[in-house]
Structure formats: C-alpha cells, structure tokens
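S.K.: Sharing a structure here in structure tokens format.
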Amino acid sequence: MTALAGVVLGRVYAGPLLPQLVAGAAAGSVLVGVAARRLPSWLVAPLSVLAMAAWTGWSMRLAAARADLPGSLSEVTVDAARNGIPRLLTAMIPVEPTPDTLLVPLVATWLAGLAGTEVALRAGRVLAGYLPAVLLYAGALYVVGPNAAPAWWPTVVFVAVAALGLAGSARPRSDTAGPIPGPVPALRAAVRLRLAAGTTFGLVVVVSLVAALGPTVVAQVGGRPVDPRRYVEPPTVETLDENPLVRISGWALRPEQELLRVRTDRPASGAAASPGTSPGPADPSGGERARIRLAVLSDYDGVTWRVGATYRSAGRILPAVTPAAGSTVETVRQEITVSELSGRLLPAVATPREVSGARVAYDPLTGTLIRPEGLVPGLRYTVTSERERPDENLLSIADVPAGDSVARVLRVPDGAPEPLRRLATQLAEENGAPYARATAVEEFLAEHYRLVADAPSGHAYPNLAFFLFGPRNGGGQRGTSEQFAAAFAVLGRLTGLPTRVVVGFASPGDGPVRAGDAYAWPEVLFDQVGWVPFNPLPRPDEEPRPVEEDFRPVPEDPPPSEAPQPSVEPTVSPEPAAAPGGSADRRGVPPAVLVGGGTGGLLLIVGAVLLTLLAMRRALSRGRLRRGDPGERIAGAWREVTDALRLAGHPVGADLSATEVAERARRAVPGPAPGDPGRQDLAGIDELADLLNRVGFAPGTATGEQANHAAGVAQAYVDGLRAGRSRWRRLLWSIHPGPLRWR
C-alpha cells in the first residue's frame, strides 16, 4: 500500500526512478519489521532507521549521478535535507528525480511502512495499521494536485489490497480455553444483546457520516484539486536580476571586462539570420554572432522594465516548446564558464532544453534561467538549446495576436508623453501591416539616433522622451542599446504590437564574452511565427538624420498671414439696358419669388437631413440598448458612453482598459453639483466597466437585468454629460453624424 503512494506521486516525475525507489523503501521497511518481530520493540526502530539510512544514501548517490550534480554525497544529502520540502513544492512539472526531490518521499514511505508494520504485527490491529499508509497516500495525492489525471486505478488497487488484508486478518482463532462456567444461555443472550447494540450504533454512525459528508465528497469528485505549490513562494531574485536592463550602461563603460567564456558546438547546417535582425554590436570578423540571452523583460510600468517571472526548480531536462509552423529549429550546445558575471541570471541561447553542471530554476513563459545560489567565478555548465528561426516569407502577411493571453505584452501604462503617442500614431498610419509597423519603428530609430557608450541609464517615460525628442546639443537623441530597445518596445505597444525587451550578449561562438558584447534588443510576437527579434541600433558608418526632418515633437500652429487684405474699389454699376419696347418683360419670374423659393427649398433639405440624422441616431441607440442578447446590450451601452466622451471632446484610445476608460469618464464630468443628472451615475460607470469585463472574460453569464441596468447607467451618464455642454453644443449633440460612422 505504501508503494502505491509512489505510483501516484510518480505521475508528476520524469521517468520511473521515483516509483522504483519508493517501492524499494516500502518493501525494505516491511521486511525489516517482519524480520525483527521477535526482538524487543525498543530495538526495532533503531534497526529500521539504520536500514533506511543505507537505502536513502544509496538512492541519493544514484539520483545525483543521473542528474550529474557536482559535490560530494554528504554535501548533496545535507542540501537535500535542508531544502527538500520547498524544492519539491516549487519544482517544475515534470519533476526530475534529484536528491532534493527524492529524499522526502523516501523517508516518508519508510516511516509509514515501519509504523504500519509495528501496529499490525505487534498490536494485532490491522485496520489501525492502515492509517500511516492512508496518510501517505493522501499526502501523495495532495502534492500531485491538479498536475496529473485522476488516480483511478491506483486507488482501486489500494482499496482492494486493504480489503484483502482485513479479510486475511479476520480468520477465527482456535479457542483453547475451557468451558465457560455459569449460566451459558444467559451469557449468550447478553453477548447477543451487546453485539446487536454495537452493530446498531455503528450503523447509525456510518449512515450519519455518509449523510453529512456525502454531498461534500461528491461535490469534490469533479472539482479541481488544490495545488499546494501556490502556498510556497518560488525562488526570488535581486533588483539587478529583475531588471538587468540598467546594467547595460555600466557594462558599456567597461567594455574589456570578461564576463563569460563560451565554447560552442556549432549546428550541422547553417541558417540565415533572422529577419529584422542584425548581429547587434559590430563583429570584427564580419560573421554572424550568436545571441546569448540573459533575461526576458515583459512587464513595464512606465518607470521600469521587469522580468516578472515565476521561477520553478528544474532538473536537467526543461519543458519542450512547440516551434511555430514553418520555422526551422537547430540544436546549439554551449559550454559556458562564468568569469566576472554576477547575480543569479544564467545566460543561455534561446530556447534552453537541457542544463547540466548547475542547479537551475526556470520560467517557462519567458525562457529565463536562474541559479538560486548565485553565479560564482569558475562555475561551468553546459546548455543545449533549440534555436528557432522564423520563416521570412510569413512575416509580411503575419498578424499579431490579441486577447488576454498577450495582454501582458500589450499593456501601455498611463502617463505616456503626448509626443510619444503622436510619433506612434504617425508610424502606424503610414504602415498598416504589423510587420511593416515594426520595421518602420526599427528604421526610424536606426536612422535618427546615435549609439553611444556614456549615456546615462534610464528607460522611464521621461528618459525615453528626452532620448527621442531632447535637443541634440544637450544630450538628447543619443543613448545605449537600453534606450533603443525600450523606445522600440513602447512605440511598438502604442501601435498595437505585442513587444518585450531582451538583455543578452553577442557571442562569436567561441572565446571570451566581454562587457562590450552586452546589449538589449526588442522582440515582437507574430501569429504563426512566434517572437521575432529586431535591431533598432544604427549602423556605425551612418550619420543620423535630424528627427525634425520626419517628425516634429511640438505641433506648430500656422503663422498668421501678414499680407494686406486686398481693397475693393467701389465700382459704379452700369444702368441696366432697357428692354425693347421701353418696359420690363412682365412674363418673367420675379427675383423675390426665386430667392424665397430657393431659400425655402434649402431649408426643407437641411431640415430633412437633420431629422434623418436625429432618427438614425435614436435608432442606433435603441438598437444598442434594447436588441440582442444581454452581452451585446452591455457592449452597446459601453459604446454609448465612449461615443458620448468623444462628442464631449474626451476621446479614449483603443489601448485603454475598461477600468481606465471609466476613470476618464468620471473625470469628464467636472464636479457636478447636487441634483445634476451626472452625479448619481458616476459610480455606475464603474459598475458598467465591471459588466463589460464580465462579458469579455465570461461570455454568456450576463443576465437581462444586468443589461437593463447597464442601459440605464449609460443613458443617465450620456444625459448628464450632455447637460454640462453649452446650449449650442447640446443642440448639435443629437444630430452629430459621428457615432454613425465611428467604429
């Protein structure tokens, strides 16, 4: 039964080593207990613990050898004893059987087998002896959590073995005692009465427990098990490891500092460089330089780019990543020796698949590696990576993904400078396709800005605004790769591209990697292609053009015309020539009739147009608020609010979330006085935003009552916002044709 706990737990482990070692521990603990059953009870536990230590030590040695872990057996075992539980609960699925992920299951299995054997053999309580095995089995199920399919067949086998054990222990014992003195019939009647009472009481208890706990147990059968890993904090990193982008400027000032030494087993067949990329820092040999990735930064809050990773302890084999359709994958194997690189981030070519020689933690979403103990000079490890190269022919027609899965790499924090937004708008308007937009941003940065080594670090909004639009003679329009990559990523997100920043090194393949080889580059995510790197750095032999030639950060108003207004000389109208016969032609239409008829016709046309616009606007609002399912009506109510904001001169961008739009909607009604129509519905705007998020994230869950409430909130807010306009603006509000064509 204790061995079945290893079968259950082994479903989240890589390979069969854990179930095999757990089965050995289960068998060993039972065999020691059976063999020592005639010895004094105080002697059994020490003997069993000695046998457990021998089996555990041999298992630690076997696991360390298979995982190729450095250090002696004693060091590995002590480290596993100190960190076994947290590493087991923070390990990446599937868990590699290493000493620190094997020690706890082996010790728990042996102790459960020892306790169960002693209770069953010495005390003769087989049912009580099942308790340690049941607790061990339940613990294995809890550790597995939702990370494996339900363990149906091990549970059935577990129950069957328990039933067989109970049946075997229920054999009648030979009665060696003599006849019972006294009134035998009376004694038998008392025994029967006690048995009947005990049976009845037990039956009542069982039925009561089933009635009380049955619904709860049945409800949990189809539920999702709790994952204990969410209660354990994974390995954390220091500030420099969370944002290594700030280290670029320091490395640029010490370009000769040796950080790494690399030896590469080159792939069998070469491949062309990825589109939109170049080797990064100049390669004196003229050949392609491999990108060694240090960290991937996906989160930006307007001040700092951060990795934002959740690291899980990993073994040698890392989870496989499915390559994009049409891309080519080549295997790159590198032996890396740390020289003067500090921190915990572990450099590797993307995407790592196997790491040996160092204990690592891994974030599968970004592909970033760390060594929890930190880097030390002389550390040598080997990384096998699967480098992916996208199909160039797909890029020009590739789209970019949208939705919750990429919201993290599309988010633009509030506070983006207006010139930055206008530059992004200009680049997006001139280039429609996503790849064209990315290339336009890349070329704009490469053509207008200078790469220098002594630029100060910083990539907050003010730093990027100064880098892009600051005076050239005052330190602006120049920076390190930090500013180039960060500016590309922010401009890309403002144009609707999912972007991220990567920090790494340009390596020639073999030899030292120095601080001057460190740089940052941006990447863009395309559908069916994956992450594609871009290189916005200028070419060394080209002089940057002034930014003002293609974009003016501050829009200029047209200067007033100073030309004198032409004077019109009064002229004398010639006398009309007299009609023949000396009198006017009375058969013609009088001018007054012509003017009156033309004016009246024009008014009728204008009135018809205005009435048509009014009817179309009202029909549009009725259709949005009253037609369709509740989700469509809630979305229509939201469109009414956003159209009203646009009519009031407060348009909202498509990059804003519903909560941010609601905040702007509240600010658009400046301090309404008590009794104003807009005051009571400002809080309702937040409710409407929540309903819109529910429709987006949980389609089909909105009710008709919620849709009616959303319509009421939208109508009241629009009326309140309209009431705050001038009388002329209120008249034009209902007939403005904009909402009929806005999308």
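If you count by the working numbering, then the sequence shown holds residues 974 to 1716, one letter each, in order.
Idealized CB from N, CA, C, for every residue including glycine.
#1: Would the stretch 1276-1289 and the stretch 1331-1342 be scored as touching if the rule is three or more Cβ pairs under 8 Å?
#2: Whose CA, out of Pro1292, Gln1456, Arg1384, Phe1507, lies closest to the CA of Ala1411?
#3: Between which two residues does the alpha helix (DSSP H) harbouring Arg1306 extend?
#4: Cutting at 7 Å between CB atoms, please list the residues of its own chain near Pro1429, excluding the five before and the five after it.
#5: Pull up the CB-CB distance for Ala1718 and Arg1360, whole angstroms please, since I reckon it's below 8 Å.
#6: Label Gly1580 either buried or exposed according to how many other C-beta atoms from any shown protein chain fall within 10 Å of its C-beta, with 16 as the threshold for buried.
#7: Since Thr1071 is in the beta strand (DSSP E), which residue starts that stretch and which ends it?
#8: Check the DSSP bridge columns for Arg1451 and list the partner residues they point to.
#9: Can you tell which of Arg1010, Val1068, Leu1076 has the C-alpha that lies nearest to the C-alpha of Ala1027?
#10: Have a look at Asn1056, Ser1315, Gly979 and flag the residue whose alpha-carbon is nearest the alpha-carbon of Ala1106.
#11: Going straight from the alpha carbon of Ala1646 to that of Thr1674, what length do you get?
#12: Grouping DSSP H, G and I as helix and E and B as strand, with all else coil, what is Thr1615?
#13: With DSSP collapsed to three states, give me the class of Val1022.
#14: Quick one: using the 10 Å Cβ neighbour count with 16 as the cut-off for buried, is Glu1521 buried or exposed?
#15: Could you give the distance in angstroms between the alpha-carbon of Gly1097 and the alpha-carbon of Val1007?
#16: Are the stretch 1679-1687 and the stretch 1590-1605 touching by the rule of at least three beta carbon pairs closer than 8 Å?
#17: Can you tell which of Thr1398, Gly1316, Leu1104, Pro1495 has its C-alpha closest to the C-alpha of Trp1278?
#18: Cβ of Leu1314 within 8 Å of Cβ of Leu1270?
#19: Pair every Cβ in the stretch 1485-1495 with every Cβ in the stretch 1511-1521, then say whether three or more of these pairs are closer than 8 Å.
#20: Quick one: using the 10 Å Cβ neighbour count with 16 as the cut-off for buried, is Arg1010 buried or exposed?
#21: Decide yes or no for the touch test of the stretch 1384-1404 against the stretch 1297-1306: beta carbon pairs closer than 8 Å, at least 3 of them.
#22: For Arg1285, which beta-bridge partners are listed by DSSP?
#23: Mapping the DSSP letters down to three states, classify Ser1358 as helix, strand or coil.
#24: Can you tell me where the alpha helix (DSSP H) holding Tyr986 begins and where it ends?
#25: If we count the other Cβ atoms within 10 Å of its Cβ and call it buried at 16 or more, is Gly1376 buried or exposed?
#26: What do you reckon, are the CB atoms on Ser1312 and Arg1234 nearer than 8 Å?
#27: Where Val1545 and Arg1695 are concerned, what is the direct C-alpha to C-alpha distance, given to the nearest angstrom?
#28: I'd like to confirm the pairing. Which residues does DSSP put opposite Arg1473 in its beta bridges?
#29: Alpha carbon to alpha carbon, what distance is there between Leu1583 and Leu1704?
#30: Verify whether the separation of the beta carbon atoms of Pro1217 and Ala1268 is less than 8 Å.
#31: Grab the span of the alpha helix (DSSP H) containing Trp1224 for me, first residue to last.
#32: Output needed for Asp1427: all residues of its chain with C-beta closer than 6 Å, excluding positions within five of it in sequence on either side, in chain order.
#33: Opposite Phe1478 in the DSSP bridges: which residues?
#34: Can you tell which of Val1691, Trp1715, Ala1608, Leu1713 has the C-alpha that lies nearest to the C-alpha of Thr1676?
#35: Quick check on DSSP: helix, strand or coil for Val1005?
#36: Where DSSP assigns a beta bridge to Pro1485, which residues make up the other side?
M.R.: Reading it off the structure:
#1: When C-beta atoms of the stretch 1276-1289 are compared with those of the stretch 1331-1342, three or more pairs fall below 8 Å, so the two segments count as touching.
#2: Here the closest residue by C-alpha is Phe1507.
#3: For Arg1306, there is no enclosing alpha helix (DSSP H); the enclosing beta strand (DSSP E) has its first and last residue at 1301-1311.
#4: The residues are Ser1222.
#5: Here the chain comprises residues numbered 974 to 1716, so residue 1718 is not present and cannot be evaluated.
#6: Exposed.
#7: Taken as a continuous stretch (DSSP letters only), Thr1071 belongs to no beta strand (DSSP E), as it is neither H nor E.
#8: Arg1451 is bridged to Arg1423.
#9: Residue Leu1076 holds the alpha-carbon nearest to the alpha-carbon of Ala1027 among Arg1010, Val1068, Leu1076.
#10: For the residues Asn1056, Ser1315, Gly979, the minimum Cα distance to Ala1106 belongs to Gly979.
#11: Low local confidence applies: a pLDDT of 47 at Ala1646 is under 50, so the model's placement there is unreliable, with the coordinate-based value given in what follows. If you take the alpha carbons of Ala1646 and Thr1674, they lie about 36 Å apart.
#12: Reduced to three states, the DSSP call for Thr1615 is helix.
#13: Three-state result, Val1022: helix.
#14: Exposed: under 16 other Cβ atoms inside 10 Å.
#15: Per the coordinates, the alpha-carbon of Gly1097 lies some 13 Å from the alpha-carbon of Val1007.
#16: Short answer: they touch.
#17: Out of Thr1398, Gly1316, Leu1104, Pro1495, Pro1495 has the C-alpha closest to the C-alpha of Trp1278.
#18: Cβ distance not < 8 Å, so Leu1314 and Leu1270 don't count as in contact.
#19: No, they do not touch.
#20: Its Cβ having fewer than 16 others within 10 Å, Arg1010 is exposed.
#21: Short answer: they don't touch.
#22: Partner residues in the beta bridge of Arg1285, as assigned by DSSP, are Tyr1335.
#23: Note: Ser1358 maps to strand in three-state DSSP.
#24: Under the DSSP assignment, Tyr986 falls outside any alpha helix (DSSP H); it carries neither an H nor an E label.
#25: Flag for Gly1376 reads exposed.
#26: Taking 8 Å as the cut-off, the beta carbon of Ser1312 is found closer than this to the beta carbon of Arg1234.
#27: Low confidence applies to Val1545: its pLDDT is 45, below 50, so where it sits in the model is not reliable enough to give any reading.
#28: Arg1473 pairs with Glu1496.
#29: Going from the Cα of Leu1704 to the Cα of Leu1583 covers about 11 Å.
#30: Between Pro1217 and Ala1268, the gap from beta carbon to beta carbon is short of 8 Å.
#31: Start and end: 1221-1226.
#32: Excluding residues within five positions, none has a Cβ falling inside 6 Å.
#33: Here Phe1478 is bridged, per DSSP, to Ile1265, Ala1491.
#34: Residue Ala1608 is the option with its Cα nearest to Thr1676.
#35: Under the three-state reduction of DSSP, Val1005 is assigned to helix.
#36: Note: Pro1485 is bridge-paired with Arg1234 in the DSSP secondary-structure output.
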